[in-house]
Amino acid sequence: GITPDTRMWNMLLNAIGAAGDMDRMVATYEDMIASGQRPNLYTINTMLARAGAAGQCLVAEDLWKESHRLKLVPDAIAFSTFMDCYARAGRFERAEELLQEMSAAAIAPDAAAYNCLMKAYIAAGQVTAATFIINRMCAANIRPNRITWYQIIHATDAAGDEQTADALYGDARLSGVLEVEQPWQRSDNIKLEVASGAKVLTRGTKIVLFRLNTGTAKAALRYELQQRRTQPSRRQLPLCIVTGTGSSVLKKAVSDLLASQGIATLMDASRDNDRIIVPPSR
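Take the sequence shown: its letters are residues 538 to 819, numbered as in the numbering used here.
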């Protein structure tokens with residue numbers, strides 16, 4: 538028969554871990570050791586990721602110790618994967634310890650590591666502390682990425698702090714990481730059914746929100762609505778809000794926000810229910 542190599546064992550461990558069966562994953566790992574096949578860092582990282590997703594921090598700790606026993610030198614991915622186990626559980630103290638261990642090992646913490654730390658504070662309900670992670674990243678010359686902004690904007694919005702969420706969204710826009718407005722294409726033209734027949738609007742502002750979580754999408758929409766209030770030329774054009782057809786939660790969040798501000802919407806007769814139209818106004 539075929540003797541499984543490390544790659545095959547890794548694939549098997551990943552599949553078992555993806556099913557959430559930690560006991561079987563660990564038992565299979567022991568079978569791998571017994572077969573004489575030596576695990577590599579990818580083996581450990583794979584199991585760490587699955588243990589974290591299953592909320593099994595103790596399993597993750599044992600795997601981390603195992604990597605040291607095997608004299609496998611952890612890289613940035615290994616540290617971030619291990620940190621994510623504690624981030625999901627909201628154990629920010631342990632995540633902070635791992636960030637220090639990472640630096641002590643002469644591995645410069647990257648955006649992924651700081652994102653895990655931020656996630657830990659958010660999961661623990663420490664949203665204010667989570668916002669300061671951005672300052673720490675900038676001080677370390679690490680540029681916050683999309684994940685950084687998405688999770689902190691969503692967390693502050695979910696905590697009811699719209700002012701901070703909107704300020705963070707503004708910072709994300711200025712950094713060039715987050716831009717939801719896209720050029721108007723012919724395919725974006727809006728067909729309206731009016732009393733006199735069909736009317737087609739061939740110009741407008743389009744913002745694409747379906748790739749965002751609800752908190753970030755709401756902050757983006759609030760920003761656009763503010764622009765329309767202060768710029769007559771902008772509000773004289775329709776606003777096309779692309780929500781996609783997949784997330785009813787996102788669509789409801791957008792609709793509720795518009796309704797809370799007394800903003801009427803239109804349905805586009807030529808498209809599926811994938812976008813919300815705000816009509817022009819004076």
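By construction, the Cβ of each residue, glycine as well, lies at the ideal position given by its N, Cα and C atoms. A quick note: this is a predicted structure, and the numbers were derived from the prediction, not measured.
For residue i, which residues of its own chain have a beta-carbon under 7 Å away from its beta-carbon, when the five flanking residues on both sides are left out?
{"i": "Ala632", "result": "Met620, Tyr623, Ala624, Cys653, Leu654, Ala657"}
{"i": "Lys755", "result": "Asp694, Ala790, Leu794"}
{"i": "Ser788", "result": "The residue you asked about is not Ser; residue 788 is Lys in the sequence shown. Once the five neighbours on either side are set aside, the close Cβ partners of Lys788 are Thr780."}
{"i": "Tyr579", "result": "Asn547"}
Leaving aside the five residues before and after residue i along the sequence, list all residues of the same chain whose C-beta is less than 8 Å from its C-beta, in chain order.
{"i": "Arg575", "result": "Thr543, Leu607"}
{"i": "Thr583", "result": "Asn547, Leu550, Asn551, Gly554"}
{"i": "Arg673", "result": "Tyr651"}
May I ask which residues mark the beginning and end of the beta strand (DSSP E) holding residue i?
{"i": "Arg812", "result": "812-815"}
Closer than 6 Å by C-beta to residue i: which residues in its own chain qualify, once you throw out the five before and the five after it? Chain order, please.
{"i": "Thr685", "result": "Asn652"}
{"i": "Val737", "result": "Asn726, Lys728"}
{"i": "Leu776", "result": "Thr742, Val815"}
{"i": "Ala828", "result": "Because the chain here runs from 538 to 819, residue 828 falls outside it and cannot be looked at."}
{"i": "Glu761", "result": "Ile744"}
Do you know whose CA, among the options, lies nearest residue i's CA?
{"i": "Gln688", "options": "Arg765, Ala648, Glu603", "result": "Ala648"}
{"i": "Glu567", "options": "Arg765, Glu699, Asp599", "result": "Asp599"}
{"i": "Ala704", "options": "Ile671, Phe629, Ala571, Asn678", "result": "Ile671"}
{"i": "Arg587", "options": "Thr618, Gly662, Ser572", "result": "Thr618"}
{"i": "Val664", "options": "Arg680, Glu638, Ala696, Ala676", "result": "Ala696"}
{"i": "Gln768", "options": "Gly783, Gln798, Pro817", "result": "Pro817"}
{"i": "Ser724", "options": "Leu711, Leu715, Arg740, Phe669", "result": "Arg740"}
{"i": "Ala666", "options": "Arg680, Glu699, Glu630, Leu635", "result": "Glu630"}
Would you give the residue range spanned by the alpha helix (DSSP H) that residue i belongs to?
{"i": "Ala645", "result": "Note, Ala645: premise wrong, no alpha helix (DSSP H); not H, not E."}
{"i": "Glu598", "result": "594-606"}
{"i": "Trp686", "result": "683-695"}
{"i": "Asn547", "result": "543-555"}
{"i": "Thr583", "result": "578-590"}
{"i": "Ile671", "result": "664-676"}
{"i": "Ile570", "result": "559-571"}
{"i": "Val714", "result": "Here Val714 belongs to no alpha helix (DSSP H), and DSSP marks it neither H nor E."}
4 or more residues per run - each alpha helix (DSSP H) lying fully within the region 743-778 | 751-767, 769-772
Fill in: Three-pair Cβ contact test at 8 Å for the region 551-558 versus the region 583-597
yes
ask   = Do the region 603-617 and the region 634-645 touch if we need at least three Cβ pairs shorter than 8 Å?
value = yes
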